[in-house]
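Colleague: Residues in the sequence shown are numbered consecutively from 33, following my numbering. A virtual CB, placed ideally from N, CA and C, is assigned to each residue, including glycine.
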Amino acid sequence: MLCLYLQAPYAACRTFTAGWYRPTATFLTPSAAYGLLLNVAGIESRLYEHDPDHDGSAPATLMRSNLPALRIALGVRDSGSLAASLPTVQSIYQQLHNYPVGASGMPAELTKGTKNNITPVRRELLCNLRCYICLDGNDVFEDRILRGLNGEFNESRYGIPFLGDNQFLLDRLEIVEAERRHSVYWFETVTESSEPPPRPHTTRLTVSINRADMSRTVSHLYAPNPISEVDVPSNAWIEVGRT
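Shown next as structure tokens:
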């Protein structure tokens with residue numbers, strides 16, 4: 033098992049994207065954590081439209097089918113209490129410039145060179161993320177993570193690791209040995225048998241994303257354990273990378 037500590041001032045895990053409102057999940061999702069790990073390991077996850085294996089089902093990049101399979105667990109570092117430990121969701125507002133097509137909107141000549149339609153848009157982001165990512169079940173992939181953190185794949189992997197937006201860079205991503213681990217509020221899957229229902233801070237997190245058919249995107253309900261602990265509980269593990 034390999035355990036990493038992730039610290040970032042800002043992050044975004046988009047649950048969906050609309051023109052005027054772009055929300056974020058309330059915690060790092062398993063799918064986002066897996067994508068970050070693949071990037072560190074220098075493994076390309078994207079299947080481009082021009083790739084011979086692309087089935088042409090959607091005009092978008094898809095996920096490759098031969099990605100490493102493993103299980104991961106996510107948790108938030110204990111900072112005194114659960115409420116104080118969880119990241120907060122904040123909003124920023126930006127201007128969306130829209131250029132109408134054809135006869136719709138204000139005629140361009142009347143704008144005198146300025147934008148002819150400006151709409152305020154809202155984008156949510158996570159602030160003060162302090163996260164543990166544990167992975168298990170794939171020794172080869174764990175070895176690539178170690179090598180990637182040592183800079184071995186800097187020339188071949190895609191860009192600098194970021195979290196949902198290429199401006200949201202990481203402060204820290206480091207291996208944490210067993211004797212140095214902090215107590216953690218682990219995110220566990222919520223089932224019908226979970227007690228007591230409803231659990232505080234329950235949220236839906238994506239496990240895998242299918243860009244060609246969103247009905248095949250997988251997500252589960254998660255809730256942080258109300259009691260922090262060092263060891264990963266069994267129902268905090270989730271399999272990723274299997275197709």
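If you check the beta carbons only, do residue 56 and residue 156 fall under 8 Å apart?
Modeller: Taking C-beta atoms as the reference points, residue 56 and residue 156 count as a pair closer than 8 Å.
Colleague: Start and end of the beta strand (DSSP E) containing residue 169?
Modeller: Unbroken run through residue 169: none, as it is neither H nor E.
Colleague: Under the DSSP definition of a beta bridge, which residues are partnered with residue 122?
Modeller: 157
Colleague: Report yes if the C-beta distance between residue 181 and residue 64 is below 8 Å; otherwise report no.
Modeller: Not a contact, by the Cβ cut-off of 8 Å.
Colleague: In this structure, how does DSSP classify residue 251 when only helix, strand and coil are distinguished?
Modeller: Residue 251: strand per DSSP, three-state reduction.
Colleague: Can you give, in chain order, each stretch of the alpha helix (DSSP H) that sits fully within the stretch 200–275 and has at least 4 residues?
Modeller: With a minimum length of 4 residues, there is no unbroken run of alpha helix (DSSP H) contained wholly in the stretch 200–275.
Colleague: Among 198, 215 and 172, which one has its Cα closest to the Cα of residue 73?
Modeller: 172
Colleague: What's the gap between the Cα of residue 78 and the Cα of residue 144?
Modeller: Whole-angstrom Cα-Cα distance: 42 Å.
Colleague: Which residues does DSSP list as the beta-bridge partners of residue 95?
Modeller: 78
Colleague: For residue 220, does the count of other Cβ atoms within 10 angstroms reach 16, so buried, or fall short, so exposed?
Modeller: Per the 10 Å Cβ criterion, buried.
Colleague: Around the Cβ of residue 191, are there at least 16 other Cβ atoms within 10 angstroms (buried) or fewer (exposed)?
Modeller: exposed
Colleague: Using DSSP's beta-bridge definition, name the partner residues of residue 104.
Modeller: Residue pairing by DSSP places residue 104 opposite 167 and 270 in a beta bridge.
Colleague: Residue range of the alpha helix (DSSP H) that residue 41 falls in?
Modeller: It is not in any alpha helix (DSSP H) - residue 41 instead sits in the beta strand (DSSP E) that spans 34–43.
Colleague: Which residue from 246, 232, 253 and 197 puts its Cα closest to that of residue 223?
Modeller: 253
Colleague: Please determine if the stretch 161–175 and the stretch 99–118 are in contact, where contact requires at least 3 C-beta pairs separated by less than 8 Å.
Modeller: yes
Colleague: Identify, in the order they occur along the chain, each residue of the same chain with its Cβ nearer than 8 Å to the Cβ of residue 270, setting aside the five sequence neighbours on each side.
Modeller: 62, 103, 104, 105, 221, 239 and 252
Colleague: Classify residue 23 as helix, strand or coil using the three-state DSSP reduction.
Modeller: Residue 23 lies beyond the range of the chain shown here (33 to 275); nothing can be said about it.
Colleague: Would residue 38 and residue 158 qualify as a contact pair, given that the criterion is a beta-carbon distance under 8 Å?
Modeller: No, they are not a contact pair.
Colleague: For the putative contact between residue 41 and residue 75, defined by C-beta atoms under 8 Å, what is the C-beta separation to the nearest angstrom?
Modeller: Not confirmed; about 26 Å, so no contact.
Colleague: Assign residue 46 to one of three DSSP states: helix, strand, or coil.
Modeller: Here DSSP, grouped into helix, strand and coil, assigns residue 46 to coil.
Colleague: Beta-carbon within less than 6 Å of residue 201's beta-carbon, same chain only, minus the 5 sequence neighbours each way: which residues are those?
Modeller: 194
Colleague: Helix, strand or coil for residue 179 per DSSP?
Modeller: Helix at residue 179.
Colleague: Helix, strand or coil: which one does DSSP assign to residue 84?
Modeller: coil
Colleague: Determine the DSSP secondary structure at residue 128, reduced to helix, strand or coil.
Modeller: strand
Colleague: Between residue 225 and residue 231, what straight-line distance do the alpha-carbon atoms span, to the nearest angstrom?
Modeller: 12 Å
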